[in-house]
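Report on the following structure.
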Amino acid sequence: MRARWSSRLAFIMAATGAAVGLGNIWKFPYMAGENGGGAFVFLYLIFVALIGVPALIAEIMIGRLGRDTPVKALQKLSAQAKASPKWRYLGWWGGLGLVLVLSFYSVIGGFSIGYLTELGFHGLDHFGSVAAVHLFFDAFLANPFNLLTWHTLFMIFTLSVIAFGVRSGLERASNILMPGLFFILFILMIYSIYVGDPAAAINFLLKPQLCDVTAAAALNALGHAFFTLAIGAGAMLVYGAYLPQQTRIGSSICIIAFLDVLVAIFSGLAIFSIVFAYELPVAGGPGLMFKVLPVAFVHMPSGALFGALFFILLLFAAWTSSISMAEPLVVLVMDRFCLKRKVACALIGLLCWILGVLASLSFNVWKDVRIFGHFSVFDAMADLTTNIILPIGGLCFVLFAGWVLKYTDTEYRLISHHPLGYELWRFLVRFIAPVGILLSFVFNLL
1192 MRARWSSRLA
1202 FIMAATGAAV
1212 GLGNIWKFPY
1222 MAGENGGGAF
1232 VFLYLIFVAL
1242 IGVPALIAEI
1252 MIGRLGRDTP
1262 VKALQKLSAQ
1272 AKASPKWRYL
1282 GWWGGLGLVL
1292 VLSFYSVIGG
1302 FSIGYLTELG
1312 FHGLDHFGSV
1322 AAVHLFFDAF
1332 LANPFNLLTW
1342 HTLFMIFTLS
1352 VIAFGVRSGL
1362 ERASNILMPG
1372 LFFILFILMI
1382 YSIYVGDPAA
1392 AINFLLKPQL
1402 CDVTAAAALN
1412 ALGHAFFTLA
1422 IGAGAMLVYG
1432 AYLPQQTRIG
1442 SSICIIAFLD
1452 VLVAIFSGLA
1462 IFSIVFAYEL
1472 PVAGGPGLMF
1482 KVLPVAFVHM
1492 PSGALFGALF
1502 FILLLFAAWT
1512 SSISMAEPLV
1522 VLVMDRFCLK
1532 RKVACALIGL
1542 LCWILGVLAS
1552 LSFNVWKDVR
1562 IFGHFSVFDA
1572 MADLTTNIIL
1582 PIGGLCFVLF
1592 AGWVLKYTDT
1602 EYRLISHHPL
1612 GYELWRFLVR
1622 FIAPVGILLS
1632 FVFNLL
């Protein structure tokens, strides 16, 4: 893999784009709302520092040491460490997770395109009341043609970036989409302060109450801290393989984690300022974005504009994450079958599009189909990846970095004038991160 990021800034923008996604703008606010607000955020920040950052450093470092696809990098490094060659299967395991995540992620990313289209053609005509919003959302999901259209468009957006390669595709898109995302988020923050109730939002999100700290809140915060940084599927490993030799891994990852957390908290403050101002339910659940906030758009000054900006923000976040999922899959296919990039993009796009079609039909035509008598197709894909595939992948990556790779190899890559920082990372990645990921895995499985 000869491709390289043109600079440290390019890597940080791309990796931040991979980490910042629907988890920051869609999942973080509703999880905070359901788990005590400030208590959840406090625990989340601790777990990002103790588990998320060390695990992300581990995956990026494996990529830069291996300088190849996830399969070949793990095969090469395990051979150098005289470890089992079976570690290479971790690369294929992550590839399976990426296929499934990209497939259902494209469906949710398409929701933002659908809502943008609705606001563009009809404004706020269908969002006049809580009942009207719920009826619109139910009708939105019940229309298979529309869901397939938005899913198809989102998949085309994603693969069109990957087809142009690392610098002309990934890097250029990240350099445009990430500043755009931060700019829109800043505008929404300012606007929400003007029309909302920022004091109530700050009190709810940033002032933890001891009585709200529960085992469930802690485990949910632990799981979200791990998943928010896009760890466990090999996407960050590939980004690490493109990393220039002189780039410091530790400090770069700290910047990425900081920006990722910043987007989540700013999104939460913007959303909850509106939620409190218009007396909407704090614990709005997964429907907070699509069934709760649109109610407020109707009553806000320039609500249609605010709503459009919000769903553009959601689209940008989903887009930057989806291209990070597609890239490892494309390089795996290119390497395995000796294909050109554009052909590999078409094959991966077709596979994920077909699986996404199955997921989108579970909201309408196949809504009564249940896997194991309980899960819809969409839920089965989402739960299998987030609760099983990614945690197992993340656990294996930290074990490989902490226990398989030689001390001298990892010390050489990470010491960077801070030996105490290296020892701290090694302790966290060998003992704390595996236990945390295992706890999250067992909790989610149960």
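The sequence shown lines up with residues 1192 to 1637 when you count with our numbering.
A virtual CB, placed ideally from N, CA and C, is assigned to each residue, including glycine.
Because the structure is a prediction, the values reported are computed rather than measured.
Item                                                                                                              : Value
Where isoleucine 1562 sits in the DSSP three-state scheme                                                         : strand
CA-to-CA distance, arginine 1193 to tyrosine 1430, given in whole angstroms                                       : 12 angstroms
Nearest residue (CA-CA) to phenylalanine 1395, options Ser1294, Tyr1296, Ser1464                                  : Ser1464
Continuous alpha helix (DSSP H) stretch holding lysine 1533: start and end                                        : 1532 to 1552
Inter-residue spacing [alpha-carbon to alpha-carbon] between phenylalanine 1336 and glycine 1314                  : 21 angstroms
Glutamate 1180 and methionine 1204 closer than 9 angstroms at C-beta                                              : The chain is shown only over 1192 to 1637; residue 1180 falls outside these bounds and no answer can be derived.
Per-residue burial, isoleucine 1422 [other beta carbons within 10 Å of its own, 16 or more giving buried]         : buried
Alpha-carbon spacing of phenylalanine 1569 relative to phenylalanine 1554, whole angstroms                        : 8 angstroms
Member of Lys1531, Asn1578, Leu1307, Ile1444 whose CA lies at the smallest distance from the CA of leucine 1200   : Ile1444
Cβ-Cβ distance between threonine 1419 and glycine 1243 below 9 angstroms                                          : yes
Leucine 1350 and isoleucine 1503 closer than 9 angstroms at C-beta                                                : no
Contact under 9 angstroms by Cβ, glycine 1214 with histidine 1415                                                 : yes
Per-residue DSSP class, three states only, for lysine 1597                                                        : coil
Cutoff 7 angstroms; reference phenylalanine 1348; Cβ partners in own chain excluding five residues on either side : Trp1510
Pick from Ser1551, Gly1288, Ile1384 that is closest to alanine 1468, judged by C-alpha positions                  : Ile1384
Collapsed DSSP secondary structure at cysteine 1445 in the structure displayed                                    : helix
Exposed unless 16 or more other CB atoms sit within 10 angstroms - verdict on glutamate 1518                      : buried
Three-state secondary structure (DSSP) of alanine 1194                                                            : coil
Contacting residues, own chain, Cβ-Cβ under 7 angstroms from leucine 1339 (five flanking each side not counted)   : Val1548, Ser1551
Complete runs of the alpha helix (DSSP H) confined to the segment 1282 to 1361 [at least 4 residues]              : 1321 to 1333, 1335 to 1353
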